[in-house]
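Q: The listed protein sequences correspond, in order, to chains A and B.
First residue of the first sequence: 152, per our numbering; consecutive thereafter.
First residue of the second sequence: 152, per our numbering; consecutive thereafter.
Glycine is no exception: its CB is placed at the ideal position from the N, C-alpha and C atoms.
Since we're looking at a predicted model, the values are computed, not measured.
There are 2 protein chains.
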Amino acid sequence: MKYLVVYETLKEEIFNEKYAINEQLPNGRELAELFHVSMLTIKKAMDRLVLDGIIVRRRGDGSYVKDWKKMDVAQHNHLSGTFNQFSEGEVKTKVLKFEVERADEKIAAKLSIQAGDFIYAITRLRIIRGIPSIIEYTFMPLDLIPNLQMSHVETSIYNYIQRDLRLMVHSAVVKITGVRPDDFEKKELHLKSNSFLLQVDQVASLDNSRVFEFSIAKHIPEEFEFETVIVSNKK
Amino acid sequence: MKYLVVYETLKEEIFNEKYAINEQLPNGRELAELFHVSMLTIKKAMDRLVLDGIIVRRRGDGSYVKDWKKMDVAQHNHLSGTFNQFSEGEVKTKVLKFEVERADEKIAAKLSIQAGDFIYAITRLRIIRGIPSIIEYTFMPLDLIPNLQMSHVETSIYNYIQRDLRLMVHSAVVKITGVRPDDFEKKELHLKSNSFLLQVDQVASLDNSRVFEFSIAKHIPEEFEFETVIVSNKK
DNA sequence: AAGTGGTCTAGACCACACT
DNA sequence: GTGTGGTCTAGACCACTTG
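The structure is reproduced here in structure tokens:
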């Protein structure tokens, strides 16, 4: 993993301002000599820095350090579940429902299974620093996630899947919308009548391409912030 | 651009179900022979398909078609400004403000310029299919975007920058939150007192690393939907 | 053990930006 | 023209999954 060493080293050097903002970096050949690697390895490292939004590269011109200081929040591309986004003890979980049911048409479609197949249907309330902040509705195919226990549901299902089942989470499609709470949500989140929520729909896949989770998380606005970097994919 | 040909071809074949969902694709060597390219070119094409969320690849196992049908909306990674997200005639723009001002501390920080530097300060109301839907506050450094005209502001500043100035938009950092409208926004968007908005903050950069835009767009929830794919970057 | 994708090399050629 | 990054090759070796 040479390119990761190059990537981490350059990133650190930039953050330590060895290379200042808007400064041009050494070209590919020089960096390849410096690190004793091929130019392709340099390119791979630089591509990651571009993806991070830390540098730009332009053919015929060079590589330049971007103004990375304006990225005020660490990137939110979590893929780790709600639980791991907060530090130990900051988040408490109240399990409102934990049942095995048959998937209806809509959920079966999201999970790429047959209607009528068994699924876990889980509803959880996340309490962050004492404030009820998120209601999560989670649906998972029973056959993919064997032997799910209350103790997993109470903390992080992601951790169970990754650490215990040793499955790899590959990717997720997320959708963000704004919604009004229903009566149940109003009660659980202690909301006033004019309140609103930010809804994150997520369909998450394992690296064997199976969909293992469809979840709807509704966040109170005080707690919610989603940040991402969009990079233009020109030719 | 051989890898793009491979990418487009494979994508089309998958969508035409030459390769079915969950089916294994030919391995790298075979595809390299088929397309008469090197394996690295195949890998680059496949990497893009992975990024699109269309396939998964696993070392030691193979490449598999994902359930791409569940991606119900075309990906929202626009980088094209509000105007180009809707078809011709669907969106009307009312320019509420179009001035040159001096940047205050906050805006200067976002644009990576000095407080006091000249900027365009633009406020626009976007009316989609007859419904006032978005208020956009846009700030741009004067020196980067010379000679901005009312005609550009009324349609798409992005088009002016890309087509006329021939500058390339490289990337953007976006942040999504939920907010309450102020009185001005309530009036312009015809909102009731208990309403809410989805706020998208965007800091956009050119490929020379200069920040050319800081914008705050506040969307009515009926119109707003943001979708993206998150891919795990392990190793 | 056989087959897969991931990384890496040392070059080559090309497209593009500057002057 | 010079220098830059982007693409590409033909191989090599390695890490990993599955039988």
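1) Let me make sure I understand the geometry here. Which of B:Asp315, B:Val325, B:Glu252 and B:Lys217 has the alpha-carbon closest to that of methionine 291 of chain B?
2) Give me the residue from A:Phe375, A:Val362 and A:Lys220 with the minimum Cα distance to valine 324 of chain B.
3) Spatial neighbours of glutamine 226 of chain A within its chain, please: CB distance less than 6 Å, with the 5 preceding and 5 following residues excluded, ordered by chain position.
4) Please state if the CB of leucine 349 of chain A and the CB of glycine 329 of chain A are separated by a distance shorter than 9 Å.
5) What residue range is occupied by the uninterrupted alpha helix (DSSP H) comprising isoleucine 327 of chain B?
6) Quick one: grab the DSSP three-state call for lysine 153 of chain B.
7) For leucine 247 of chain B and phenylalanine 335 of chain B, I'd like the C-alpha separation in whole angstroms.
8) Indicate the three-state DSSP secondary structure (helix, strand or coil) for aspartate 268 of chain B in the structure shown.
9) Measuring alpha carbon to alpha carbon, tell me which residue in A:Phe347, A:Thr244 and A:Ile308 is nearest tyrosine 271 of chain A.
10) Keeping to the same chain, check which residues put their C-beta closer than 6 Å to that of aspartate 223 of chain A; ignore five residues upstream and five downstream.
11) According to DSSP, simplified to helix, strand and coil, what is valine 216 of chain B?
12) Between the Cα of serine 284 of chain A and the Cα atoms of A:Pro332, A:Asn173, A:Lys194 and A:Gly213, which residue gives the shortest distance?
13) Going by beta-carbon coordinates alone, are aspartate 352 of chain A and phenylalanine 363 of chain A separated by less than 9 Å?
14) Here's the rule I'm using: 16 or more other beta-carbon atoms within 10 Å means buried, otherwise exposed. How should glutamate 163 of chain A be labelled?
15) I'd like to know if leucine 318 of chain A contacts chain B, where contact means its C-beta is closer than 9 Å to some C-beta of that chain.
16) Using a Cβ-Cβ cut-off of less than 7 Å, list which residues of the region 335 to 354 of chain A approach chain B; keep chain order.
17) In this structure, does DSSP put valine 437 of chain A in helix, strand or coil?
18) Kindly indicate if chain A contains any beta-carbon less than 9 Å away from that of glycine 329 of chain B.
19) Give the DSSP bridge partners of glutamate 250 of chain B, in chain order.
20) Distance, Cα to Cα, serine 356 of chain B vs leucine 316 of chain A?
21) Per DSSP, threonine 379 of chain B is paired with what?
22) With DSSP collapsed to three states, give me the class of phenylalanine 347 of chain A.
23) Using a C-beta to C-beta distance shorter than 8 Å, which residues of chain A count as neighbours of glutamate 376 of chain B?
24) Starting from the beta carbon of glycine 204 of chain B, find every residue of chain A whose beta carbon is closer than 7 Å, and list them in chain order.
A: Working from what's here:
1) B:Glu252
2) A:Lys220
3) For glutamine 226 of chain A, the predicted model reports a pLDDT of 45, less than 50, meaning its position is unreliable; a value from the coordinates is still stated below. So no residue of the chain qualifies.
4) Between glycine 329 of chain A and leucine 349 of chain A, the gap from beta carbon to beta carbon is short of 9 Å.
5) According to the DSSP assignment, isoleucine 327 of chain B belongs to no alpha helix (DSSP H) but to the beta strand (DSSP E) extending over 320 to 330.
6) Secondary structure of lysine 153 of chain B (DSSP, three-state): helix.
7) 11 Å
8) It is coil, neither helix nor strand.
9) A:Ile308
10) A caution first: aspartate 223 of chain A carries a pLDDT of 44, below 50, which makes its placement in the model too unreliable to give a value.
11) strand
12) A:Pro332
13) no
14) exposed
15) no
16) Contacts with chain B (Cβ-Cβ distance below 7 Å) from the region 335 to 354 of chain A involve Asn345, Phe347, Leu349 and Val354, listed in chain order.
17) In the structure as shown, chain A begins at 152 and stops at 386. Residue 437 of chain A is therefore absent and cannot be evaluated.
18) It does: the Cβ of glycine 329 of chain B has a partner Cβ on chain A nearer than 9 Å.
19) Paired residue(s): B:Ala272.
20) 42 Å
21) A:Val325
22) coil
23) Lys326, Ile327 and Thr328
24) What glycine 204 of chain B touches in chain A: Ser322 and Val324.
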